[in-house]
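Below is one structure, written out as structure tokens, with a few remarks after it.
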Amino acid sequence: MSTRINIGPVHPSTHGVLRLVADIEGDTVLRVEPHIGFLHRGVEKLVENRMYMQSPAYMEKLDYAAPMSYDELYVAVVEKAMGVEVKERAQWVRVVLLELQRIASHLLWLGTAANDLGQFFTLFMWCMKDRDMILRLLESASGARMFYVNMRMGGLVQDLPPGFGGGARDVLDYLERRVKKYEAYLEKNPVFMERTKGVGVLGKEDAINLGVTGPVLRASGVGYDTRKDNAYYVYGKLSFRPQTRSEGDVFARYRVRMMEIAESIRLVRDALDRMPDGDAIGMPVRLITTGAKNREASASRETPRGEGIMYMVADPQRPYRLAIRSPTFVNLAALTHIAKDCRLADVFAILGSLDIVMGDADK
Amino acid sequence: MQISSLLAIAPFLPASASPGSALGELVGIVEYAIAVAVIIIVFDYVFGWLERKVVAKIQKRHGPTYAGKYGILQNMADILKLLSKQHMAPANSDKPLFLATLPIMLAVTLFLVLLIPFSPTLSGSSSGFVLLVVLVLVSFMPLMIFVNGFASGNKFSAISAERSVVMLLSYEIPLVLVVATAAALAGGYSLNGIVGAQSQLWYVLLMPIGFVIFFIAMLAELERPPFDMREADSELIAGWLTDVSPPYYVLALFLDYSRMLLGSMLIAILFFGGWEGPVLPPIVWLLIKVFAIAFFIMIVRATMVRMRIDRLLRFGWLILLPLAFVNLIVTYVLLIG
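Quick note, the sequences are listed as chains A and B, same order. Position in the first sequence counted from 1, then plus 499, gives you my numbering. Position in the second sequence counted from 1, then plus 28, gives you my numbering.
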């Protein structure tokens with residue numbers, strides 16, 4: 500006889516307002532079903548009533564753990580619709596900022612995932628502290644700590660401040676040491692290893708069929724990374740490899756994210772070294788723009804949570820319709836498949852490993 | 029075991045009270061009760077504050093700073109706030125059971141602290157079976173949690189109740205085996221005797237495996253990470269305390285900290301020579317050891333990842349139990365036999 504329990508939307512480890520309905524029998528979970536929509540703001544509709552440059556601030560609130568990536572994704576789709584080229588230096592700066600944002604997002608994930616595993620906020624606080632150093636960098640580049648609104652069509656609102664490169668390198672050196680420490684701390688802990696290894700396995704075939712992207716997909720052994728396979732900006736000029744693991748379990752997802760932090764640190768250093776001088780400022784802020792040239796445009800980006808796609812049907816001055824493919828939405832849908840016949844405690848480990856942000860899933 | 033010796037614990041016969049007149053006996057009992065109450069309250073308060081501060085330091089936070097010097101009044105403020113809130117019980121709970129279990133658990137814990145001697149002169153019972161009684165009543169706690177969890181009518185609490193029994197099954201037998209070994213070494217279940225037997229060498233050095241087992245089992249008993257599956261905040265919200273009202277939550281905190289005192293005292297007495305120590309008075313030595321052990325448990329709490337309940341069962345039966353037997357046999361062969 501199974502019992503149906505309702506986890507959330509008010510629950511310590513549902514990352515905001517996710518509701519899970521779980522059928523359990525003893526300690527075994529027969530089925531988990533995510534119910535979403537508690538944070539639905541209708542962003543896709545709101546955008547239709549605003550001029551192009553009024554919307555980036557809305558877009559950032561979709562994924563409040565990595566706002567820069569959505570800011571950039573929206574601006575990119577508008578650029579495609581208007582046929583604007585991004586300036587050479589702005590491309591490099593965008594890559595630097597996006598990779599910094601990825602590190603910040605993965606650090607936040609590490610802390611919250613450890614929390615879901617029953618770690619009493621220690622790693623969470625450490626990671627928040629380290630993430631704050633990146634936020635300070637991004638603040639110096641954009642003027643805001645969390646919601647940057649730093650992208651403009653064709654470039655940025657402002658170029659990197661003088662001395663940014665040196666400060667960024669110091670932070671990256673520090674983070675590299677810290678992340679190694681966290682890895683040692685977790686992987687030498689036998690309880691952490693047995694809580695994550697072999698738990699919540701998502702096979703390669705299933706991962707492809709379910710449409711998951713990002714670290715979750717790469718942890719299942721698929722080397723798909725939009726930065727590589729659909730290279731945008733200067734990612735094609737930078738050398739990096741999509742980080743993959745073959746196991747597909749919670750531990751593999753953890754490892755992939757940790758390796759991605761290391762890879763992003765390398766990418767930022769490389770980009771800072773090779774960045775050309777020049778102008779990076781985008782189009783001036785005007786409500787009425789030159790008008791969209793293309794009727795349809797789409798852009799796909801590797802956000803920290805997976806592949807984010809925006810498809811836009813453009814009117815001259817505002818989107819006629821904008822459709823967002825948010826990575827969290829798809830990854831979360833895979834939870835029902837992954838968390839089948841697992842233990843109750845594993846549901847939270849798996850949920851944590853999927854790296855969900857409800858603002859992203861609910862739109 | 030003779031019934032008469034079990035009964036001997038019923039009237040607390042403090043060593044300091046003058047036996048003879050009934051009035052003198054009563055005064056002795058009251059004096060002792062007040063002394064122990066002061067110790068418990070001071071420990072609970074200081075421990076509650078210290079835990080916040082220590083865990084905060086580990087987590088690179090400041091912890092409470094606002095209320096009083098170094099936030100020393102923060103717990104008082106919290107208690108006042110909790111007590112000022114509305115008391116209620118869920119509509120579908122079994123109210124008498126739900127409301128009675130937490131006070132009973134607290135009473136049993138305080139009774140146990142009364143039984144355990146603080147020093148040769150400050151001792152609640154002269155019985156030779158105190159350790160057995162303590163063990164029996166400590167095992168009673170998970171059952172009360174089971175009752176409370178099911179009586180609250182909350183599904184998370186019910187899961188917590190189930191986990192409580194599974195935990196009891198997994199660590200209780202190794203715990204008893206280690207205690208039996210210690211008692212065999214000392215030649216009796218009297219805590220005074222056990223401390224006396226450690227005047228030369230602490231038992232932690234004589235049976236290190238036994239200490240590790242006992243410490244792990246005590247962590248599970250005290251609901252401390254990595255064995256806090258009953259309260260598992262990231263899974264079961266607050267476990268068996270999910271539907272407890274704010275004034276009752278004060279009791280739960282009091283219970284938690286008192287159990288901490290109880291557990292640390294047991295560890296100190298069984299393995300670290302209790303109140304034995306040079307220069308300082310015995311009770312000071314005991315409290316120093318108790319705080320040192322409590323401090324260590326805080327650090328464990330701040331660093332460990334929670335274990336899974338089925339893994340704990342496996343861990344208890346496949347690792348702790350064989351180790352407990354090894355400890356028993358090695359101790360018998362080398363030290364007793």
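We put the beta carbon where it would ideally sit given N, CA and C, even for glycine.
Measuring alpha carbon to alpha carbon, tell me which residue in the options is nearest residue i.
i	options	result
V74 (chain B)	B:I316, B:L341, B:L363 and B:W345	B:I316
V856 (chain A)	A:V595, A:T802 and A:Y810	A:T802
K839 (chain A)	A:A521, A:P508 and A:I602	A:A521
L850 (chain A)	A:Q742, A:A613, A:G722 and A:E746	A:A613
D859 (chain A)	A:T502, A:R518 and A:H539	A:H539
A640 (chain A)	A:E675, A:R744, A:G664 and A:F620	A:G664
V595 (chain A)	A:C841, A:D776 and A:D769	A:D769
F178 (chain B)	B:Y60, B:R258, B:L163 and B:Q102	B:R258
Q742 (chain A)	A:R765, A:K736, A:I633 and A:Y731	A:R765
R817 (chain A)	A:L519, A:V576 and A:L737	A:V576
S112 (chain B)	B:A320, B:Y276, B:G302 and B:N220	B:Y276
S763 (chain A)	A:I602, A:Y684 and A:T827	A:I602
R503 (chain A)	A:S512, A:T527 and A:H514	A:T527
V516 (chain A)	A:N505, A:D748, A:E524 and A:A844	A:N505
I327 (chain B)	B:E53, B:L78, B:Q226 and B:S167	B:L78
R644 (chain A)	A:P661, A:L529, A:F620 and A:Q600	A:Q600
A822 (chain A)	A:L529, A:T513, A:E543 and A:G747	A:E543
L167 (chain B)	B:T137, B:N182, B:S151 and B:V354	It should be pointed out that residue 167 (chain B) corresponds to Ser in this sequence rather than to Leu. The shortest Cα separation from S167 (chain B) among B:T137, B:N182, B:S151 and B:V354 belongs to B:T137.
I337 (chain B)	A:L545, A:G805 and A:E693	A:E693
According to DSSP, residue i sits in a beta bridge with which residue or residues?
i	result
H534 (chain A)	A:R518
G807 (chain A)	A:R800
V649 (chain A)	Going by the sequence as given, residue 649 (chain A) is Asn instead of Val. BP columns for N649 (chain A) are empty, so no partner.
N505 (chain A)	A:V520
C841 (chain A)	A:V528
A813 (chain A)	A:P818
E795 (chain A)	A:V812
I823 (chain A)	A:M809
G654 (chain A)	A:R651
I780 (chain A)	A:L655
Does residue i have its Cβ less than 8 Å from a Cβ in chain A?
i	result
M335 (chain B)	yes
I173 (chain B)	no
K183 (chain B)	yes
E200 (chain B)	no
Q87 (chain B)	yes
R80 (chain B)	no
R287 (chain B)	no
M116 (chain B)	no
I241 (chain B)	no
I57 (chain B)	no
I187 (chain B)	yes
A179 (chain B)	no
L54 (chain B)	no
Would residue i count as contacting chain B if we go by Cβ distances under 8 Å?
i	result
D562 (chain A)	no
M624 (chain A)	yes
S745 (chain A)	no
D748 (chain A)	no
F537 (chain A)	no
N614 (chain A)	yes
G653 (chain A)	no
T502 (chain A)	yes
P775 (chain A)	no
H514 (chain A)	no
G617 (chain A)	yes
P511 (chain A)	yes
K491 (chain A)	For residue 491 (chain A) there is no data in the structure shown, the boundaries of chain A being 500 and 862.
T621 (chain A)	yes
K628 (chain A)	yes
Does the Cβ of residue i lie closer than 7 Å to at least one heavy atom of the ligand SAM?
i	result
I808 (chain A)	The ligand SAM is absent from the structure shown, which contains no ligand whatsoever.
(request) Note down, one range per segment and in chain order, each alpha helix (DSSP H) of at least 4 residues found wholly within the segment 545 to 579 of chain A. (result) 555 to 559
(message) Beta carbons nearer than 7 Å to chain A: which residues of the segment 311 to 331 of chain B have them?
(response) Residues of the segment 311 to 331 of chain B with a Cβ closer than 7 Å to any Cβ of chain A, in chain order: R329, A330 and T331.
(request) At 4 residues or longer, and completely inside the segment 190 to 249 of chain B: list those alpha helix (DSSP H) runs for me, N to C. (result) 219 to 225, 231 to 234 and 236 to 249
(request) Can you give me, in chain order, the residues of the segment 251 to 268 of chain B that have a beta carbon less than 8 Å from any beta carbon in chain A? (result) P253, P254, D256, M257, A260, D261, S262, E263 and I265
(request) Scan the segment 338 to 363 of chain B for residues whose Cβ lies nearer than 7 Å to a Cβ of chain A and list them as they occur along the chain. (result) So the close ones are D338 and R339.
(request) Note down, one range per segment and in chain order, each alpha helix (DSSP H) of at least 4 residues found wholly within the segment 251 to 313 of chain B. (result) 261 to 264 and 274 to 299
(message) Using a Cβ-Cβ cutoff of 7 Å, what residues of the segment 685 to 699 of chain A are near chain B? List them in chain order.
(response) N688, V690, F691, E693 and R694
(request) Scan the segment 711 to 731 of chain A for residues whose Cβ lies nearer than 8 Å to a Cβ of chain B and list them as they occur along the chain. (result) none
(message) Can you pull out the residues from the segment 825 to 851 of chain A whose beta carbon lies closer than 7 Å to at least one beta carbon of chain B?
(response) R842, L843, A844 and F847
(request) Output, in sequence order along the chain, the residues in the segment 523 to 550 of chain A whose CB is closer than 9 Å to any CB in chain B. (result) I523, G525 and D526
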